[in-house]
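Everything below concerns the one structure shown next.
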Amino acid sequence: MLEAAGLRVGLQAEPIDLLAGRDWAACPGAGAVLSFEGTTRDGPPGERVLRLEYEAYAAMAEPVLLALATEAKARWGLERALVLHRTGAVAVGEVSVLVVVAAAHRREAYAASAWLMDRLKAEAPIWKRELTEQGAAWRANAGAPPEELG
Amino acid sequence: MLEAAGLRVGLQAEPIDLLAGRDWAACPGAGAVLSFEGTTRDGPPGERVLRLEYEAYAAMAEPVLLALATEAKARWGLERALVLHRTGAVAVGEVSVLVVVAAAHRREAYAASAWLMDRLKAEAPIWKRELTEQGAAWRANAGAPPEELG
Amino acid sequence: MSENSVTVMFFAMLREQRGASEAQVTLEGPETVGALYARLFPPGAAGALPVAFAVNHAYVEAERLLVAGDEVAFIPPLGGG
Amino acid sequence: MSENSVTVMFFAMLREQRGASEAQVTLEGPETVGALYARLFPPGAAGALPVAFAVNHAYVEAERLLVAGDEVAFIPPLGGG
Numbered sequence: 015m016l017e018a019a020g021l022r023v024g025l026q027a028e029p030i031d032l033l034a035g036r037d038w039a040a041c042p043g044a045g046a047v048l049s050f051e052g053t054t055r056d057g058p059p060g061e062r063v064l065r066l067e068y069e070a071y072a073a074m075a076e077p078v079l080l081a082l083a084t085e086a087k088a089r090w091g092l093e094r095a096l097v098l099h100r101t102g103a104v105a106v107g108e109v110s111v112l113v114v115v116a117a118a119h120r121r122e123a124y125a126a127s128a129w130l131m132d133r134l135k136a137e138a139p140i141w142k143r144e145l146t147e148q149g150a151a152w153r154a155n156a157g158a159p160p161e162e163l164g
Numbered sequence: 015m016l017e018a019a020g021l022r023v024g025l026q027a028e029p030i031d032l033l034a035g036r037d038w039a040a041c042p043g044a045g046a047v048l049s050f051e052g053t054t055r056d057g058p059p060g061e062r063v064l065r066l067e068y069e070a071y072a073a074m075a076e077p078v079l080l081a082l083a084t085e086a087k088a089r090w091g092l093e094r095a096l097v098l099h100r101t102g103a104v105a106v107g108e109v110s111v112l113v114v115v116a117a118a119h120r121r122e123a124y125a126a127s128a129w130l131m132d133r134l135k136a137e138a139p140i141w142k143r144e145l146t147e148q149g150a151a152w153r154a155n156a157g158a159p160p161e162e163l164g
Numbered sequence: 002m003s004e005n006s007v008t009v010m011f012f013a014m015l016r017e018q019r020g021a022s023e024a025q026v027t028l029e030g031p032e033t034v035g036a037l038y039a040r041l042f043p044p045g046a047a048g049a050l051p052v053a054f055a056v057n058h059a060y061v062e063a064e065r066l067l068v069a070g071d072e073v074a075f076i077p078p079l080g081g082g
Numbered sequence: 002m003s004e005n006s007v008t009v010m011f012f013a014m015l016r017e018q019r020g021a022s023e024a025q026v027t028l029e030g031p032e033t034v035g036a037l038y039a040r041l042f043p044p045g046a047a048g049a050l051p052v053a054f055a056v057n058h059a060y061v062e063a064e065r066l067l068v069a070g071d072e073v074a075f076i077p078p079l080g081g082g
């Protein structure tokens with residue numbers, strides 16, 4: 015986990031605690047606290063998802079997440095921003111990523127949270143392997159070709 | 015409280031339970047669960063907010079909220095939508111409104127949640143009185159003149 | 002309650018001005034919700050506010066004609082959220 | 002470890018192909034990160050992927066020249082979130 019003023023990001027193998035993240039982010043200057051949870055979605059019958067497995071380049075992913083949170087905080091004047099991402103096995107229904115932003119007003123909270131999720135999917139060196147009844151496969155995010163980076 | 019398939023809305027005098035709302039909304043088809051909390055923001059020194067007091071036209075507000083949630087669910091194909099609003103005294107730092115939406119994908123969740131908050135502020139017959147060190151005053155939402163309605 | 006009366010609901014600053022949260026009001030012949038508001042809160046008088054109108058829990062235009070038994074609400078500027 | 006080597010990190014499908022999560026690789030004279038990738042995963046060979054490049058935990062262009070001691074990572078299509 016990395017922290018800076020009003021910022022907290024991290025990778026963790028343990029389940030993500032929504033309430034702890036939200037309580038960390040809430041503060042007297044915040045009129046809006048927005049919590050995004052990405053959860054493991056099940057597939058249709060015949061493609062039932064057994065679990066996801068996340069692999070991360072931790073030494074790079076945490077600094078990348080901190081840089082994104084820092085930029086979001088500056089750009090939208092956030093009070094707080096928190097980004098937590100799971101590693102390892104994540105069961106269906108469990109949360110793989112939590113983004114909590116606290117801002118004076120709601121429009122900044124929505125814009126910052128959506129931007130953080132877009133950039134996380136495009137920039138954070140994290141990979142996902144999906145285990146279904148059909149077998150296992152690495153799943154890439156749409157719209158995030160590695161060519162866009164660098 | 016009013017309920018329909020995948021929808022729950024209500025006014026309540028008791029504190030709002032984020033986790034209960036989030037757990038109600040989460041479901042196997044949802045890859046994105048977005049929880050918006052509107053919280054009572056403190057003012058600067060000399061304008062410290064002691065508390066808010068919300069008054070609602072309950073017989074109308076709950077149907078209005080259900081109509082908004084119904085429209086959001088249809089428009090963005092939501093799995094679940096929950097809208098809870100406090101009535102009576104709400105202390106600084108407490109949550110006055112909780113909107114939780116669950117959707118297959120995050121973009122629909124962000125759009126639906128932001129739209130629900132915009133419409134709630136413009137249409138739900140709920141009023142806010144702010145008690146500060148300076149006294150008490152009714153506070154109207156910006157951009158929501160009653161002329162827009164009807 | 003007269004045979005030609007409606008129930009009028011007052012909220013927030015309007016409730017404080019009236020000193021009541023609701024009242025039974027007898028309609029003066031065919032009367033619109035806008036006309037009823039102007040009668041109860043005369044334009045130009047202290048406290049006359051821009052309001053929206055609801056009848057039987059739904060927003061309506063100022064031109065909506067009232068009928069006996071309607072539940073009328075004047076909706077001052079909203080503050081929810 | 003040779004005096005002119007870099008550490009290369011393999012992730013996801015690249016890690017599976019290599020059967021290793023990292024390796025020490027000796028540079029062949031002045032070598033860019035793109036050239037190193039083409040050497041380790043020849044274009045056209047099974048499993049050659051479009052990748053991004055990182056050196057010392059930051060994204061870089063394919064033209065970035067490597068120096069001894071760099072930590073190089075080939076970044077296959079991402080799946081976070």
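Chain order of the listed sequences is A, B, C and D.
For the first sequence, the positions run 15 to 164 when the numbering used here is used.
For the second sequence, the positions run 15 to 164 when the numbering used here is used.
For the third sequence, the positions run 2 to 82 when the numbering used here is used.
For the fourth sequence, the positions run 2 to 82 when the numbering used here is used.
Where is the CB? At the ideal position from N, CA and C, for every residue including glycine.
From a predicted model like this one, the values you see are computed outputs, not experimental measurements.
TODO: Would you kindly report the start and end of the unbroken beta strand (DSSP E) that includes C/M10?
DONE: Taking the first residue of the third sequence as 1, we reach residue 10 of chain C at position 9. Element bounds for C/M10: S6 to M10.
Task: Contact list for A/P59 against chain D, beta-carbon separation under 9 Å - done: Taking the first sequence and counting its residues from 1, one reaches residue 59 of chain A at position 45. Under the 9 Å cutoff, chain D gives no residues; its nearest Cβ is about 24 Å from A/P59.
TODO: Quick one: list the residues of chain B neighbouring C/A21, beta-carbon separation under 7 Å, in chain order.
DONE: Position 20 of the third sequence, counting from 1, holds the residue named residue 21 of chain C. By Cβ distance, chain B contributes nothing, its closest Cβ being about 14 Å from C/A21, past 7 Å.
Open item on the list: Please identify the residue among A/R65, A/L96 and A/L134 whose C-alpha is closest to the C-alpha of A/R36.
Closed with: Your numbering for residue 36 of chain A matches position 22 in the first sequence. It is A/L96 whose Cα lies nearest to the Cα of A/R36.
Open item on the list: At a threshold of 7 Å, does A/L21 count as lining the ligand HEM (C-beta to nearest heavy atom)?
Closed with: No copy of the ligand HEM occurs in the structure displayed, which carries no ligand at all.
Open item on the list: How far does the beta strand (DSSP E) with A/G43 in it extend, from its first residue to its last?
Closed with: On the first sequence, position 29 is the one that residue 43 of chain A refers to. Premise fails: A/G43 is in no beta strand (DSSP E) and is neither H nor E.
Open item on the list: Rounded to whole angstroms, what is the Cα-Cα separation between A/G164 and A/E147?
Closed with: Your numbering for residue 164 of chain A matches position 150 in the first sequence. Your numbering for residue 147 of chain A matches position 133 in the first sequence. Residue placement at A/G164 is poorly supported in this model, since its pLDDT is 41, which falls under 50; the coordinates still yield a value, given next. One C-alpha to the other measures close to 36 Å.
Open item on the list: Just verifying my parser: in three-state terms, what is the DSSP assignment at D/Q25?
Closed with: As a first step, residue 25 of chain D is located in the fourth sequence; it is residue number 24 there, counting from the start. The answer is strand: DSSP assigns D/Q25 an E or B state.
Open item on the list: Can you give me the C-alpha to C-alpha distance between B/R89 and B/R153, rounded to a whole angstrom?
Closed with: Within the second sequence, the letter at position 75 stands for residue 89 of chain B. Within the second sequence, the letter at position 139 stands for residue 153 of chain B. Approximately 31 Å, taken between the alpha carbons.
Open item on the list: Suppose you measure from the CA of B/R143 to the CA of B/V109; what does that come to, to the nearest Å?
Closed with: The residue labelled residue 143 of chain B in the question sits at position 129 within the second sequence. The residue labelled residue 109 of chain B in the question sits at position 95 within the second sequence. Roughly 15 Å between the two C-alpha positions.
Open item on the list: I need the DSSP call for A/L21, collapsed to helix, strand or coil.
Closed with: To locate residue 21 of chain A, count along the first sequence from 1; it is residue 7. Strand.
TODO: Note down, in chain order, every chain D residue with its Cβ under 7 Å from the Cβ of A/V104.
DONE: Translated into positions along the first sequence, residue 104 of chain A becomes position 90. Going along chain D, no residue has its Cβ under 7 Å from A/V104, so there is no contact; the nearest lies around 12 Å.
TODO: Under 7 Å between beta-carbons, which chain B residues line up against A/E51? List them in chain order, please.
DONE: For the purposes of this step, residue 51 of chain A is identified with residue 37 of the first sequence, where counting begins at 1. Ordered by position in chain B, the residues that pass the 7 Å Cβ test against A/E51 are V47.
Task: 7 Å Cβ shell around A/E1 - same chain, five flanking residues per side excluded - done: Residue 1 of chain A cannot be examined here, being either before or after the span of chain A that is shown, 15 to 164.
Task: Contact residues within the segment 84-105 of chain A, judged by C-beta distance below 9 Å to chain D - done: H99
TODO: Reducing DSSP to helix, strand and coil, say where A/T53 ends up.
DONE: For this step, residue 53 of chain A is matched to residue 39 along the first sequence. Strand at A/T53.
Open item on the list: Taking the beta carbon of D/R40 as the centre, do at least 16 other beta carbons fall within 10 Å, making it buried, or is it exposed?
Closed with: Locating residue 40 of chain D in the fourth sequence gives position 39, counting from the first residue. Exposed: under 16 other Cβ atoms inside 10 Å.
Open item on the list: Using a Cβ-Cβ cutoff of less than 8 Å, which residues in the same chain neighbour A/M131 once the five nearest sequence positions on both sides are dropped?
Closed with: The count along the first sequence starts at 1 and reaches residue 131 of chain A at position 117. F50, G52, V111 and V113, listed in sequence order.
Task: Bridge-paired residues (DSSP) for A/W129 - done: If you number the first sequence from 1, residue 129 of chain A lands on position 115. DSSP lists no partner for A/W129.
Task: Cβ-based contacts, 8 Å cut-off: residues of the segment 116-143 of chain B near chain C - done: M131, L134, K135, A136, E137, A138, P139, I140, W141, K142 and R143
Open item on the list: Considering only their Cβ atoms, is the gap separating A/L134 from D/G35 smaller than 8 Å?
Closed with: Indexing the fourth sequence from 1 puts residue 35 of chain D at position 34. Indexing the first sequence from 1 puts residue 134 of chain A at position 120. Not in contact: D/G35 and A/L134 (Cβ atoms no closer than 8 Å).
Task: Proximity winner among B/L145, B/E122, B/G149 and B/T101, relative to B/A138 (alpha-carbon distances) - done: Taking the second sequence and counting its residues from 1, the one referred to as residue 138 of chain B is at position 124. Among B/L145, B/E122, B/G149 and B/T101, the Cα nearest to that of B/A138 belongs to B/T101.
TODO: Would you please state the rounded distance, in angstroms, between the beta carbons of D/F11 and D/A21? I believe it to be under 8 Å.
DONE: Along the fourth sequence, read from residue 1 onward, the residue named residue 11 of chain D stands at position 10. Along the fourth sequence, read from residue 1 onward, the residue named residue 21 of chain D stands at position 20. At roughly 6 Å, the Cβ-Cβ gap stays under 8 Å, so D/F11 and D/A21 are in contact.
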